[in-house]
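Numbering (this note's numbering), first residue to last: 1 to 206. Quick reminder that beta carbons are idealized off the backbone N, C-alpha and C, glycines included. A quick note: this is a predicted structure, and the numbers were derived from the prediction, not measured. Report on the following structure.
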Amino acid sequence: FARWLLDASVAPDHITLLLDEEGERPELDGMVSELATLTQVRAALGWLRRMADPDDLVFVFFAGHGLQLVDDDGDEDDGVDEFLVVLDTMKDALEETTLRDDEFGRFLDRVESEHVLVFFDSCHSGGQSRSLSSSTRPLPGTFDIFNDFSLEGKLVLAAAREDQQALENEALGHGVFTHFLLQGLSGEADLDLDYRITAEELFAYV
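Here's what the structure looks like:
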């Protein structure tokens, strides 16, 4: 996904890359990756919140593991919260060392940008949308990802519903969702052949 952003002329200093290893990435024009620890994830979300202006287009992409644990504050109808597993998540301290959907939802509420696209390639990721504010839509409206915006808000595309597993494919080198997401963003999702890709087209394609 970082490679796609660079190819779409996004400046490297407008991208934060968190992976399971740190260092310079020659295949990404020399970008430097940081470790995807909980502290670094929180720091990156804070950086994005401070950087993003109302008219900016913001992407958040997460590929990794998701899990469900008992909801301890009563805000989930099904009694479970969704959590994103990060690099330093501890098996014996899951709630304390994962990113809870409520925390991610609060981050999104504080981002000033009115054009935010969130991609989750993880199990149980569909449940993340329930923790977003009423102004946030888990399903796509129609707006041009690249140029024209008619929907003000935040859209979430997830690989799986909260009760589903997301699939990875060894031959692809990553998740099946990510594969078709990148195919769609690279032009395959232009279903009406008007040389624009809308979120609605991307949703339908993926």
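Query	Result
Return the Cβ separation of Val58 and Val116 in integer angstroms, given the expectation that the two are a contact with Cβ distance under 8 Å.	4 Å
How many Å lie between Arg106 and Ile197 at the Cα?	29 Å
For the beta strand (DSSP E) containing Arg25, list its first residue and its last residue.	Gly23 to Arg25
Do Leu69 and Val80 have their C-beta atoms within less than 8 Å of each other?	yes
Three-state secondary structure (DSSP) at Ser186?	helix
Among the candidates Leu182, Gly173, Glu170 and Asn169, whose CA atom is the shortest distance from the CA of Leu157?	Leu182
Spatial neighbours of Val32 within its chain, please: CB distance less than 8 Å, with the 5 preceding and 5 following residues excluded, ordered by chain position.	Leu17, Glu22, Gly23, Glu24 and Arg25
Which one of Phe203, Ala166 and Phe120 has the shortest CA to CA distance from Phe1?	Phe120
Quick one: is Thr98 buried, meaning 16 or more other Cβ sit within 10 Å of its Cβ, or exposed?	buried
Which residues share a DSSP beta bridge with Ser33?	Gly23
State buried or exposed for Ala189, treating a residue as buried only when at least 16 other CB atoms are found within 10 Å of its CB.	buried
Can you tell me whether Gly153 is helix, strand or coil according to DSSP?	strand
Report the rounded CA-to-CA distance for Phe146 versus Leu28, giving the unit in angstroms.	Bear in mind that the predicted position of Phe146 carries a pLDDT of just 35, short of 50, making it unreliable; the figure below should be weighed with that in mind. So the alpha carbons of these two residues sit roughly 21 Å apart.
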